[in-house]
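S.K.:
Next comes the structure, spelled out in structure tokens:
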């Protein structure tokens, strides 16, 4: 009987501790290359991505200082650490901007929406893949994929 009580107490205690905090594996400043594919075109450039953890396993991907990465207003993309080496999420609608890169024109506005993605940590290298679209005020929608690969 005593062994059964100890097993129940141990199970309750371990359950109360909750799951591991995987988010800490991703927190920090990552330097690397951001590539974007739009239709048949693609381009790449050096980029710094900052990842913070506002809550257990809850991540925010963003820029560093005043340099926005994903949205012009600097808002970050939400994600959830699902294991020690992976996170998912990235669903976010950025506020509209005038004369965006995808929708140039004097009276044109552009809304960028990230539909989701994933991140994978392999050794010390982080790879983030995001899918999204830019919607122009004239009704055009331009789909894109962004891939960031970097290290701390």
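Residue numbers (the working numbering): 146 to 297. Think of the CB as a built atom: it goes at the ideal place given N, C-alpha and C, for glycine as much as any other residue.
#1: From residue 162 to residue 201, what does the alpha carbon distance come to, in whole angstroms?
#2: For residue 162, name the three-state secondary structure that DSSP assigns.
#3: For residue 177, is the classification buried or exposed, using 16 other Cβ atoms within 10 angstroms of its Cβ as the cut-off for buried?
#4: So, are the CB atoms of residue 289 and residue 277 less than 8 Å apart?
#5: Between 280, 245, 273 and 284, which lies nearest to residue 193 when the distance is taken from Cα to Cα?
#6: Just to confirm, are residue 206 and residue 226 a CB contact at a threshold of 8 Å?
#7: Helix, strand or coil for residue 221? Go by DSSP, reduced to three states.
#8: Can the beta-carbon of residue 245 be found closer than 8 Å to that of residue 279?
#9: Would the beta-carbon of residue 256 fall within 8 Å of that of residue 238?
#10: According to DSSP, is residue 167 part of a helix, a strand, or is it coil?
M.R.: By the coordinates alone:
#1: Your numbering for residue 162 matches position 17 in the chain shown. Your numbering for residue 201 matches position 56 in the chain shown. Only weak support exists for where residue 162 lies, its pLDDT of 49 falling under 50; the coordinates are left without a value.
#2: Sequence index remark: in the chain shown, residue 162 carries index 17 (1-based). In this predicted model, residue 162 has a pLDDT of only 49, less than 50, meaning its place in the structure is not dependable; the value taken from the coordinates is given anyway. Helix.
#3: For the purposes of this step, residue 177 is taken as the residue at position 32 of the chain shown. So residue 177 ends up on the buried side.
#4: Numbered from its first residue, the chain shown carries residue 289 at position 144. Numbered from its first residue, the chain shown carries residue 277 at position 132. Their beta carbons are under 8 Å apart, which means residue 289 touches residue 277 by this criterion.
#5: Counted from its first residue, the chain shown places residue 193 at position 48. Looking at the Cα atoms, 273 is the closest of the given residues.
#6: The count along the chain shown starts at 1 and reaches residue 206 at position 61. The count along the chain shown starts at 1 and reaches residue 226 at position 81. No, these two residues do not count as a Cβ contact at 8 Å.
#7: Translated into the one-based positions of the chain shown, residue 221 becomes position 76. Residue state, collapsed to three classes: coil.
#8: Within the chain shown, residue 245 is the residue found at index 100, counting from 1. Within the chain shown, residue 279 is the residue found at index 134, counting from 1. Yes, the Cβ-Cβ distance between residue 245 and residue 279 is below 8 Å.
#9: Residue mapping note: residue 256 aligns to position 111 of the chain shown, counting from 1. Residue mapping note: residue 238 aligns to position 93 of the chain shown, counting from 1. For residue 256 and residue 238, yes; Cβs fall inside 8 Å.
#10: If you number the chain shown from 1, residue 167 lands on position 22. Correct three-state label for residue 167: helix.
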